[in-house]
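According to the UniProt record's numbering, the sequence shown is numbered sequentially starting from 1. Here's the structure we're looking at; comments come further down.
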Amino acid sequence: MPNHSFGSPPPFGDASFATMFGIPAAPAQDPPMLNYRGHALHHTFDLRSRMKISREKPMIGTFFAAFPHPALARMVGQAGYDYVLLDWEHTPFSRTAVVVRVPVLDHQYAAWDAGASGIIFPHISTVEQAQQAIEACRFPPVGKRSGPPNAMQFGYNDGAPNGGSVFEIWGKAAIILQIEDEEGAKNADALAALEEVDGLMVGPGDLALSLGLSFGNMAQDERWLSSVGNILTAAQKHNKASLMPGMTSHQIGANLQNGVTMLCASNDSMIMAIGLRKELVSAHEQLDSWKKEKQTASK
1 MPNHSFGSPP
11 PFGDASFATM
21 FGIPAAPAQD
31 PPMLNYRGHA
41 LHHTFDLRSR
51 MKISREKPMI
61 GTFFAAFPHP
71 ALARMVGQAG
81 YDYVLLDWEH
91 TPFSRTAVVV
101 RVPVLDHQYA
111 AWDAGASGII
121 FPHISTVEQA
131 QQAIEACRFP
141 PVGKRSGPPN
151 AMQFGYNDGA
161 PNGGSVFEIW
171 GKAAIILQIE
181 DEEGAKNADA
191 LAALEEVDGL
201 MVGPGDLALS
211 LGLSFGNMAQ
221 DERWLSSVGN
231 ILTAAQKHNK
241 ASLMPGMTSH
251 QIGANLQNGV
261 TMLCASNDSM
271 IMAIGLRKEL
281 VSAHEQLDSW
291 KKEKQTASK
C-alpha cells in the first residue's frame, strides 16, 4: 500500500455498531483500491492499472445517478465499492475511484479537471469518434488536450512519486467507450484495439432501443445478444476492461459469466427504492402480526 502525504483514511465505519441496525460490514476489496490512489486528495486514481487486471480480479461498482447531493456522495464514496460511476449524461450535477459518464464530447474537461479517475464517452460507434475522444483526453503528442493551469496548484498538490510531473498523474486516468448501437458493436474490435482505450461499456438499454426493442424483450433478441457478444468478445481479445450496468446485484453472476470485468451493482435510485419498500413491507408485516395477536387475545 502506498504512503500518502495526507495519511490513510479511517475505516468505512464502526462495523459492530452498524450491525446492530442490520448494516453489514463492507467486504474486503481485492486488491484494495488504496493501492491505486493518488498521492494527494486531488490526484486521480491509477485506474488504468487497476482496469488492466480486472479480467483476473473483477471490480464492483455502482451508479450514482439520481440524487446529486453532497451528503449522499459521502455515503456512496465510503460504502466500499471499487469505483463509483457518476452519471453526468443523464443527471446534472477516498477509497473509491470516480468514473464520470459525460453527456457528449467536450464536457470531459470539467470532469478531468475536477479529478475524475476515468471518463465514459456514450454513443461511440466509429473509430473516428473514438479518436476524437482520445485526442480530447490526452495531452500532446498523443492528443490535443489543453493544459489546465488551475486544475492542480503547481508546487502544492501536483507532485508525483519519484519526481514525476503533473502530466504523469493525469496520464493515469482511464478512457472508456460506451457502445449503444449495432454499428458500434460491429466496430467493437477496432475500437478495443485502440491503444489509449482502457475499456468498452455496453449500453444495453439504448442498444435495445436502437434495434426497435424494449427492456422486456431485448434479452431474447438475437441481434441484441449478438451485439453484446461482439462488444464483450472484443474487449477480451484486446485485454481491455468491459462494463455492463445492472439494475440489481442479482445480475452480477450472469455478467461475470459473460466476461464483464467491471461490474455495476445497481444504482442509487434503485437502492433507495428497494430499501424504502423493504423497510415498509417489514413494518407492515410486524403491524399485521400485532393485529392478529390482538384479535386472538380479544376472543
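Backbone N, C-alpha and C define an ideal beta-carbon position, used for all residues, glycine too.
{"Check": "Return yes when the Cβ of H238 is within less than 7 Å of the Cβ of A188, no when it is not.", "Outcome": "no"}
{"Check": "On the premise that S214 lies in contact with A185, defined as a C-beta separation below 8 Å, what is that separation, rounded to the nearest angstrom?", "Outcome": "Actually they do not touch by this definition, with Cβ atoms about 18 Å apart."}
{"Check": "Enumerate, from N- to C-terminal direction, the unbroken alpha helix (DSSP H) stretches of 4 or more residues contained entirely within the stretch 201-254.", "Outcome": "204-210 and 222-237"}
{"Check": "What do you get for L86, buried or exposed, if any count of 16 or more other CB atoms within 10 angstroms of its CB means buried?", "Outcome": "buried"}
{"Check": "Taking the C-alpha atoms as reference points, what is the distance between S61 and A297?", "Outcome": "Reading the sequence as shown, one finds Gly at residue 61 and not Ser. In a straight line, the C-alpha of G61 is about 50 Å away from that of A297."}
{"Check": "Ordered along the chain, which non-local residues of its own chain (more than five positions away) have a Cβ less than 6 Å from that of V260?", "Outcome": "S242 and M244"}
{"Check": "Leaving out five residues on either side along the sequence, give the residues of the same chain with a beta carbon under 7 Å from the beta carbon of I271.", "Outcome": "none"}
{"Check": "So, helix, strand or coil for D14, using DSSP?", "Outcome": "coil"}
{"Check": "If you draw a straight line from the alpha carbon of P31 to that of V142, how long is it in whole angstroms?", "Outcome": "30 Å"}
{"Check": "I'd like the span of the alpha helix (DSSP H) that includes S289, first residue to last.", "Outcome": "D268 to S298"}
{"Check": "So, are the CB atoms of I120 and R101 less than 7 Å apart?", "Outcome": "yes"}
{"Check": "Can you confirm whether the stretch 248-258 touches the stretch 218-227 when touching is taken to mean that 3 or more C-beta pairs between the two stretches lie within less than 8 Å?", "Outcome": "no"}
{"Check": "My assumption, with CB atoms under 8 Å, is that M201 sits in contact with Q178. Please give the rounded CB distance.", "Outcome": "4 Å"}
{"Check": "Rounded to the nearest angstrom, what separates M1 and N35 at their Cα positions?", "Outcome": "Here M1 scores only 48 on pLDDT, less than 50, and its place in the model should not be relied on; the value that follows carries that caveat. Distance between the alpha carbons of M1 and N35 is about 5 Å."}
{"Check": "Please list, in chain order, all residues of the same chain as S269 whose beta carbon is under 6 Å from its beta carbon, the five residues on each side excluded.", "Outcome": "A66"}
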